[in-house]
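J.: My structure is below; once you've seen it, I'll send some questions.
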Amino acid sequence: MAPDSSSFCSIRPLSFGRDCTALALLILAVGRTAYCADEDVATDYGNLLRGLSAQRDEIKTGIVSIRGFRTSNIGGENEFAGPVNYELCFDFPARRFRFDRTAPIWKNGRDAEADRFVAFQGGQFVRTPEHVLTRQLGSDRVSVLPPASKAPIWCKPLDIRALGLYLNYETEASSDLPAMLKIYATIEPQSIKEVEAGVFEVTSLVGASQRTMWIDSKRGFWPTKLIVRRRIKNQDGQLDWSTPSIEQVLEPRRFDGVWAPASYRLKNQMTEETLKFEWEGVNREIDPGAFEVSGLDLRGAKSVVDSTDGEPVIIEIDSKLPPKK
Numbered sequence: 032m033a034p035d036s037s038s039f040c041s042i043r044p045l046s047f048g049r050d051c052t053a054l055a056l057l058i059l060a061v062g063r064t065a066y067c068a069d070e071d072v073a074t075d076y077g078n079l080l081r082g083l084s085a086q087r088d089e090i091k092t093g094i095v096s097i098r099g100f101r102t103s104n105i106g107g108e109n110e111f112a113g114p115v116n117y118e119l120c121f122d123f124p125a126r127r128f129r130f131d132r133t134a135p136i137w138k139n140g141r142d143a144e145a146d147r148f149v150a151f152q153g154g155q156f157v158r159t160p161e162h163v164l165t166r167q168l169g170s171d172r173v174s175v176l177p178p179a180s181k182a183p184i185w186c187k188p189l190d191i192r193a194l195g196l197y198l199n200y201e202t203e204a205s206s207d208l209p210a211m212l213k214i215y216a217t218i219e220p221q222s223i224k225e226v227e228a229g230v231f232e233v234t235s236l237v238g239a240s241q242r243t244m245w246i247d248s249k250r251g252f253w254p255t256k257l258i259v260r261r262r263i264k265n266q267d268g269q270l271d272w273s274t275p276s277i278e279q280v281l282e283p284r285r286f287d288g289v290w291a292p293a294s295y296r297l298k299n300q301m302t303e304e305t306l307k308f309e310w311e312g313v314n315r316e317i318d319p320g321a322f323e324v325s326g327l328d329l330r331g332a333k334s335v336v337d338s339t340d341g342e343p344v345i346i347e348i349d350s351k352l353p354p355k356k
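Going from the sequence shown to our numbering is simple: count from 1 and add 31.
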């Protein structure tokens with residue numbers, strides 16, 4: 032049987048206080064508008080990016096559970112599959128972010144009689160202005176690191192505001208929304224079509240790839256679909272576009288009056304994945320304890336190693352911190 036990932040990847044229940052009020056609408060600067068031979072297309076593209084940026088900035092705080100399923104190495108000898116579980120807790124104005132993750136991984140030496148995957152990869156990750164907290168899945172140690180520390184490779188924290196902009200959210204997850212907007216601001220759009228009321232199809236050339244994105248201005252300017260094709264030579268030796276090498280579909284819905292992801296599907300040449308989003312709340316006050324060691328899932332943990340002052344200090348959890356119930 033596969034290990035039970037849900038028992039580890041969880042955020043303890045948080046008490047939401049009063050709704051946050053007077054949330055200022057801050058429009059992020061997206062850099063220069065991409066150069067384009069058609070000035071109207073460039074202007075429309077800049078307006079779409081500004082609309083997307085303004086709508087994403089309405090998401091200030093939130094807690095969301097993400098459940099899904101992933102199949103990797105599709106069609107290969109080492110094809111494997113398993114559930115994906117994420118827990119996000121964030122307070123962007125306070126620069127506090129938590130990401131708990133488990134995902135299936137392939138390991139050599141798999142028993143032929145075992146499930147199609149042998150292990151989960153992931154753990155718990157927290158970043159605040161004061162510290163970074165990490166606990167890898169299966170480890171009995173919590174690490175407290177300086178706030179500028181990089182996220183470990185097993186964590187891959189996700190900025191949910193940038194979902195739909197990533198080509199592969201796991202490999203690009205270290206890029207937050209401002210970084211992704213800066214990348215998109217340099218892309219040259221070839222055409223923009225309003226394919227239905229408020230839905231815009233944006234086609235761009237990026238290297239040897241054609242990227243087509245559908246942005247729904249009526250539903251929070253979310254990129255509801257993204258297709259990437261590669262430039263290839265067909266059987267006649269003529270240049271052509273391949274069948275989609277990347278396909279993404281994102282379904283946004285209103286949660287607490289804010290447009291946010293409800294479901295997401297990714298398919299590329301190696302992986303197929305579906306995700307469902309269960310929002311506990313958006314733009315409500317969050318218990319700051321969720322971003323502290325005492326707020327982590329401490330079951331099985333024995334010690335905390337605090338390296339924030341340069342010299343590691345070991346704290347025994349049993350004697351200093353109450354275990355999570």
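Cβ atoms here follow ideal geometry from the backbone N, Cα and C, with glycine treated the same way.
(1) What did DSSP end up calling N299 once you bin it into helix, strand or coil?
(2) Starting from L236 and walking both ways along the beta strand (DSSP E), at which residues does that stretch end?
(3) Distance check for I346 and R284, CA to CA, integer angstroms please.
(4) Using the Cβ count rule (16 or more neighbours within 10 Å means buried), how would you classify D340?
(5) With DSSP run on the structure shown, which of helix, strand or coil describes Y200?
(6) According to DSSP, is Q155 helix, strand or coil?
(7) R358 and W310: beta carbons closer than 7 Å?
(8) Using only alpha-carbon positions, find the residue among S334, V324 and I317 that is nearest to F121.
(9) Across the segment 266-283 and the segment 89-99, are there enough close Cβ pairs to call them in contact, namely three or more that are closer than 8 Å?
(10) To the nearest whole angstrom, what separates the beta carbons of I246 and V233, a pair I think is in contact under 8 Å?
(11) Expressed to the nearest angstrom, what Euclidean distance is found between the alpha-carbon atoms of N314 and R129?
(12) Taking 7 Å as the cut-off, decide whether the C-beta atoms of Q221 and S240 are in contact.
(13) Counting only runs of 3+ residues fully inside the segment 234-289, write out the beta strand (DSSP E) ranges in chain order.
(14) Going by DSSP, what residues sit across from V313 in a beta bridge?
(15) Given 8 Å as the limit, is there contact between the segment 179-198 and the segment 147-161, that is, 3 or more CB pairs closer than that?
(16) Beta carbon of P114, beta carbon of F100: below 7 Å?
(17) Among D287, I258 and L208, whose alpha-carbon lies nearest the alpha-carbon of S273?
(18) Please check the pair Y117 and L189, which I expect to be a contact at CB under 8 Å, by giving their CB distance rounded to whole angstroms.
(19) In three-state DSSP terms, what is I345?
(20) Alpha carbon to alpha carbon, what distance is there between P275 and L194?
(21) Taking the alpha carbon of W253 as the point to measure from, which residue in T165, I191 and P160 has its own alpha carbon closest?
(22) Closer than 8 Å by C-beta to I348: which residues in its own chain qualify, once you throw out the five before and the five after it? Chain order, please.
(23) Considering only C-alpha positions, which residue in the set D267, G312, I136 and T255 is nearest to G288?
(24) Determine the DSSP secondary structure at P188, reduced to helix, strand or coil.
(25) Rounded to whole angstroms, what's the CA-CA distance from Q266 to V163? Just pull it up for me.
(26) Leaving out the 5 sequence neighbours to the left and right, which residues in its chain are closer than 6 Å to F308 when beta-carbon positions are compared?
(27) For the beta strand (DSSP E) that L164 lies in, which residues bound it at each end?
(28) Determine the direct distance from the alpha carbon of D337 to that of P343, and round the result to whole angstroms.
(29) Is it right to say T102 is buried, meaning 16 or more other beta carbons lie within 10 angstroms of its own, or is it exposed?
(30) Among residues of its own chain, excluding the 5 on either side of E110, which ones have a beta-carbon nearer than 8 Å to its beta-carbon?
(31) Pull up the DSSP beta-bridge partners for K224, would you.
T.: The short version:
(1) Numbered from 1 along the sequence shown, position 268 holds the residue referred to as residue 299. Strand.
(2) As a working note, residue 236 is residue 205 in the sequence shown. Per DSSP, L236 belongs to the beta strand (DSSP E) from V230 to V237.
(3) By one-based count along the sequence shown, residue 284 stands at place 253. By one-based count along the sequence shown, residue 346 stands at place 315. For the pair R284 and I346, the Cα-to-Cα distance works out to about 44 Å.
(4) Counted from its first residue, the sequence shown places residue 340 at position 309. A residue is called buried when at least 16 other Cβ atoms come within 10 angstroms of its Cβ; D340 does not meet this threshold and is exposed.
(5) Here residue 200 refers to the residue found at position 169 when the sequence shown is read from its first residue. Coil.
(6) Taking the sequence shown and counting its residues from 1, one reaches residue 155 at position 124. Note: Q155 maps to strand in three-state DSSP.
(7) Here the chain comprises residues numbered 32 to 356, so residue 358 is not present and cannot be evaluated.
(8) To locate residue 121, count along the sequence shown from 1; it is residue 90. Of the candidates S334, V324 and I317, the one whose C-alpha sits nearest the C-alpha of F121 is I317.
(9) Contact fails: fewer than three Cβ-Cβ distances are below 8 Å.
(10) Against the sequence shown, residue 246 aligns to sequence position 215. Against the sequence shown, residue 233 aligns to sequence position 202. Rounded, the Cβ-Cβ distance is 6 Å, consistent with contact.
(11) The residue you call residue 314 lines up with position 283 of the sequence shown. The residue you call residue 129 lines up with position 98 of the sequence shown. Distance between the alpha carbons of N314 and R129: 15 Å.
(12) Translated into positions along the sequence shown, residue 221 becomes position 190. Translated into positions along the sequence shown, residue 240 becomes position 209. When the beta-carbon positions are compared, Q221 and S240 stay at least 7 Å from each other.
(13) Taking only runs of at least 3 residues, the beta strand (DSSP E) segments lying wholly in the segment 234-289 are 240-247, 253-264, 270-272 and 277-286.
(14) Position 282 of the sequence shown, counted from the first residue, corresponds to residue 313. DSSP output for V313 lists G93 as bridge partner(s).
(15) The segment 179-198 vs the segment 147-161: in contact.
(16) Looking up residue 114 in the sequence shown gives position 83. Looking up residue 100 in the sequence shown gives position 69. If you check the CB distance, P114 and F100 come in under 7 Å.
(17) Against the sequence shown, residue 273 aligns to sequence position 242. Ranking D287, I258 and L208 by Cα distance to S273 puts I258 first.
(18) Position 86 of the sequence shown, counted from the first residue, corresponds to residue 117. Position 158 of the sequence shown, counted from the first residue, corresponds to residue 189. In this structure Y117 touches L189 by the C-beta definition: roughly 7 Å separates them, less than 8 Å.
(19) Position 314 of the sequence shown holds residue 345. Strand at I345.
(20) On the sequence shown, position 163 is the one that residue 194 refers to. On the sequence shown, position 244 is the one that residue 275 refers to. Between L194 and P275, the C-alpha separation is close to 19 Å.
(21) Taking the sequence shown and counting its residues from 1, one reaches residue 253 at position 222. Among T165, I191 and P160, the Cα nearest to that of W253 is on I191.
(22) As a position in the sequence shown, residue 348 is number 317, starting the count at 1. Taken in chain order, the residues that qualify are V173, L329, A332, K333, S334, V335 and P354.
(23) The residue labelled residue 288 in the question sits at position 257 within the sequence shown. Minimum Cα distance to G288 is reached at G312.
(24) By 1-based counting over the sequence shown, the position of residue 188 is 157. Correct three-state label for P188: coil.
(25) By one-based count along the sequence shown, residue 266 stands at place 235. By one-based count along the sequence shown, residue 163 stands at place 132. Their Cα atoms are separated by approximately 53 Å.
(26) Numbered from its first residue, the sequence shown carries residue 308 at position 277. Cβ within range, chain order: V95, I97, P292 and A293.
(27) The sequence position of residue 164 within the sequence shown is 133, counting from 1. Taken as a continuous stretch (DSSP letters only), the beta strand (DSSP E) holding L164 covers V163 to Q167.
(28) Along the sequence shown, read from residue 1 onward, the residue named residue 343 stands at position 312. Along the sequence shown, read from residue 1 onward, the residue named residue 337 stands at position 306. When rounded, the distance between both Cα atoms is 5 Å.
(29) Locating residue 102 in the sequence shown gives position 71, where the first residue counts as 1. So T102 ends up on the buried side.
(30) As a first step, residue 110 is located in the sequence shown; it is residue number 79 there, counting from the start. Taken in chain order, the residues that qualify are T102, S103, N104 and R147.
(31) For the purposes of this step, residue 224 is taken as residue 193 along the sequence shown, with counting starting at 1. Per DSSP, E232.
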